[in-house]
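Numbering (the numbering used here), first residue to last: 81 to 175.
Structural data, given as structure tokens:
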């Protein structure tokens, strides 16, 4: 079993995806990032989400190859969309 498939390993890096057309989620993202970083978890914001809230983001595929999981901040549609994009990755997903 690869280390990425080991669900008992600590979470060190997460990618975050925000609901499209929702710049009001910037505050929620900043609070979430602060809590995660305080816990020693590196946060990588997805590029489309980053552009929406005027912060630097990274390509989804690149994040997927480096992170331990994804967090969806939005509604059901955001979570479902992110699950489709992450389907072939070995990442945990939280919504």
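Built from N, CA and C at the ideal position, the CB exists for glycine as well.
| query | result |
| --- | --- |
| Residue 93: first and last residue of the uninterrupted beta strand (DSSP E) it sits in | 93-98 |
| Which residues DSSP lists as bridging residue 117, in chain order | DSSP lists no partner for residue 117. |
| CB-CB length for residue 123 against residue 113, believed under 8 Å | 5 Å |
| Under the three-state DSSP convention, the category residue 81 falls into | With a pLDDT of 43 at residue 81, under the threshold of 50, the modelled position of this residue cannot be trusted; read the value that follows with caution. Residue state, collapsed to three classes: coil. |
| Sequence-distant residues of its chain with Cβ nearer than 6 Å to residue 169 (five each side left out) | 144 |
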